[in-house]
Amino acid sequence: MECATCREALSARLDAEQEPVPAAWTDEHLAQCPACQQWQARATALTRALRVRPATATPDLVGPVLETAVLPAPSRGWWARAALGAVAVAQLTLGMAEVLGVDQGMPDMAGSAHLFNESTAWNLALGLGMLWAALRTRAASGMLPLLGGFLLVLGAFSVHDLLDGTATLGRVASHGLLVVGMGLLYAVHRGHADDRSPTPGRGDALPSSTADTATAADDSTIRPSGRPSGGRPPLRPAGHHRAA
1 MECATCREAL
11 SARLDAEQEP
21 VPAAWTDEHL
31 AQCPACQQWQ
41 ARATALTRAL
51 RVRPATATPD
61 LVGPVLETAV
71 LPAPSRGWWA
81 RAALGAVAVA
91 QLTLGMAEVL
101 GVDQGMPDMA
111 GSAHLFNEST
121 AWNLALGLGM
131 LWAALRTRAA
141 SGMLPLLGGF
151 LLVLGAFSVH
161 DLLDGTATLG
171 RVASHGLLVV
181 GMGLLYAVHR
191 GHADDRSPTP
201 GRGDALPSST
211 ADTATAADDS
221 TIRPSGRPSG
231 GRPPLRPAGH
241 HRAA
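Each residue of the sequence shown is one higher than the one before, starting from 1 at the first, in UniProt numbering.
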């Protein structure tokens, strides 16, 4: 066996490839050829240097990162949330009182049973909504137009019923819980309107630069038709030439 053939076989062995000659022939030549032995030693060292690099020391960045980290903002408006929760519980109690048949100052009339059920459902629903807004402050913005519109219409009807004598002052006064709840909902909404804490799974959890990059990546997503969603033509390799 020539040295060139032996070294070719050794090179294939180092790369875990198929050797051009039987391994026994290579080993027999290698045992008798000092030049190929030296070549194998140099090739083994070079291959190891290319594949395995020594671990380099890295600076400890824990301290600087912790020093520049932004602490989470303290909880704001906790008193408004607590008060809103209390009003919600009171509203739920009022609704349960209606369910249990406690007199609420409503005169008997035709169809009053269904109106009573509607009133009970509204009281319980509004109480649950305010309780949820006290626990999840983002829901306060959704409750504001609902409760505000309800109070606006209810106020007009309450004045009419008081003048007409179809509702007692105590019954109308029970709606004061909703008025207080409306004010507390607004306070909770304003107290957390500037809360920019990220929501998991949403784009606001990314920094602005990352979000811009993600938006750009979304705009350039290739559709099944082969064109990006942004309307631009697909990118082509610079070295591609069409045949004449």
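The beta carbon of each residue, even a glycine, is placed where N, CA and C say it ideally should be.
Asked	Found
Tell me whether residue 123 is buried or exposed, calling it buried when 16 or more other Cβ atoms sit within 10 Å of its Cβ.	buried
Measure the beta-carbon distance from residue 169 to residue 162 and round it to whole angstroms, keeping in mind my assumption that it falls under 8 Å.	7 Å
Return helix, strand or coil for residue 60, following the three-state DSSP convention.	coil
By Cβ distance, which residues of its chain are closer than 7 Å to residue 144, with the 5 residues on each side in sequence left out?	185, 186, 189
Grab the span of the alpha helix (DSSP H) containing residue 71 for me, first residue to last.	Looking at the DSSP string, residue 71 is not in any alpha helix (DSSP H), and its letter there is neither H nor E.
Thinking just about the alpha-carbon of each residue, which of 39, 34, 84 is nearest to the one in residue 10?	39
Please state whether the Cβ-Cβ distance between residue 95 and residue 68 is less than 7 Å.	no
Would the region 11 to 18 and the region 43 to 60 be scored as touching if the rule is three or more Cβ pairs under 8 Å?	yes
How would you call residue 4, buried or exposed, if buried means at least 16 neighbouring beta carbons within 10 angstroms?	exposed
Near residue 63, which residues of its chain fall below 7 Å by C-beta distance, leaving aside the five closest residues on each side in sequence?	none
Quick one: what does DSSP say residue 175 is sitting in, helix, strand or coil?	coil
For residue 90, I'd like the list of residues in its chain whose CB is within less than 7 Å of its CB, leaving aside the five on either flank, ordered along the chain.	177
Span of the alpha helix (DSSP H) holding residue 5?	3 to 14
How many angstroms separate the CA atom of residue 97 from the CA atom of residue 66?	54 Å
Please determine, among 160, 80, 1, the residue with the shortest C-alpha to C-alpha distance to residue 181.	80
For residue 134, is the classification buried or exposed, using 16 other Cβ atoms within 10 angstroms of its Cβ as the cut-off for buried?	buried
Taking only the alpha-carbon atoms, compute the straight-line gap between residue 139 and residue 153 and give it to the nearest angstrom.	22 Å
I'd like the list of long-range same chain contacts for residue 212, defined as Cβ closer than 6 Å, with 5 residues on each side in sequence excluded.	Because residue 212 sits at a pLDDT of 47, beneath the cut-off of 50, its placement in the model cannot be relied upon, and the following sentence gives the value as read from the coordinates. Excluding residues within five positions, none has a Cβ falling inside 6 Å.
What's the call for residue 2, buried or exposed, on a 16-neighbour Cβ count within 10 Å?	exposed
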